[in-house]
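One structure is given here, and the rest of the page talks about it.
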Amino acid sequence: MLADLLNRHDYERHVRAARLSYRRRRALLVRRFGAERTASGPEFRGVAAGLHVLMTLPPGGPDEDLVLARAAACGMALRGVRELWHGPAPEEGVLVGFAASPGHAWPGTLDALAEVLRAP
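Going letter by letter, the sequence shown gives residues 529 to 648 in my numbering.
Following this line, the structure appears as structure tokens:
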């Protein structure tokens, strides 16, 4: 099965299409929250590749625990930055994955994320 995918170059086409889809989703995420960004808005960390982006939480906004609780209440699975550190995390934030949500649902997912991130 895998050999057939490789021989027909279907795997290569699939990977290229997936990369493009994920790149577009990440760009939409950054654009959406960049457009709403104030001096105290969220920041995005990491390289523009992969399936996740680290979004720091701005001072004066909801804290990490509140964001995670709100996300869980609406069925959104985010990971907090604190759980990714062995010691104290230098800042609060969330790891946002953008591969699991179907492409047609991504704009609605971003609307839900905006509601989760609204100030307390």
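Quick reminder that beta carbons are idealized off the backbone N, C-alpha and C, glycines included.
Member of the options whose CA lies at the smallest distance from the CA of residue i
| i | options | result |
| --- | --- | --- |
| CYS602 | ASP532, SER549, ASP639 and ARG541 | ASP639 |
| HIS632 | ARG536, TYR550 and VAL622 | TYR550 |
| VAL581 | HIS542, VAL624, LEU548 and GLY589 | VAL624 |
| PRO570 | PRO587, ALA545 and ALA617 | PRO587 |
| GLU643 | GLY621, MET604 and VAL575 | MET604 |
| VAL558 | ALA546, ALA545, ARG573 and ALA628 | ARG573 |
| GLU592 | LEU534, ALA576, ALA617 and ALA577 | ALA617 |
Own chain, CB closer than 8 Å to residue i, minus 5 neighbours either side, in chain order
| i | result |
| --- | --- |
| LEU556 | TRP634, PRO635 and LEU638 |
| LEU579 | TYR550, GLY625, PHE626 and ALA627 |
Contact check, residue i vs residue j, beta carbons under 8 Å
| i | j | result |
| --- | --- | --- |
| GLY621 | LEU585 | yes |
| GLU596 | LEU606 | For the sequence presented, residue 596 should be read as Leu rather than Glu. Yes, they are a contact pair. |
| ARG552 | ALA576 | no |
| ALA647 | GLY608 | no |
Other residues of its chain near residue i: CB distance less than 6 Å, five sequence neighbours each side excluded
| i | result |
| --- | --- |
| LEU598 | Note on residue identity: the sequence assigns Arg, not Leu, to residue 598. The answer, listed in chain order, is VAL644. |
| ASP532 | none |
| ALA545 | none |
Beta-carbon contacts of residue i that lie in its chain and below 7 Å, excluding the five residues immediately before and after
| i | result |
| --- | --- |
| PRO548 | The sequence given here places Leu at residue 548; Pro does not occur at that position. Around LEU548: no qualifying Cβ. |
> Using 8 Å as the threshold, is the region 534 to 544 in touch with the region 607 to 620, meaning 3 or more CB pairs across them?
Replying inline: no
>> If we require 4 or more residues per run, which alpha helix (DSSP H) segments fall completely within the region 566 to 631?
In response: Within the region 566 to 631, the complete alpha helix (DSSP H) runs of at least 4 residues fall at 592 to 601.
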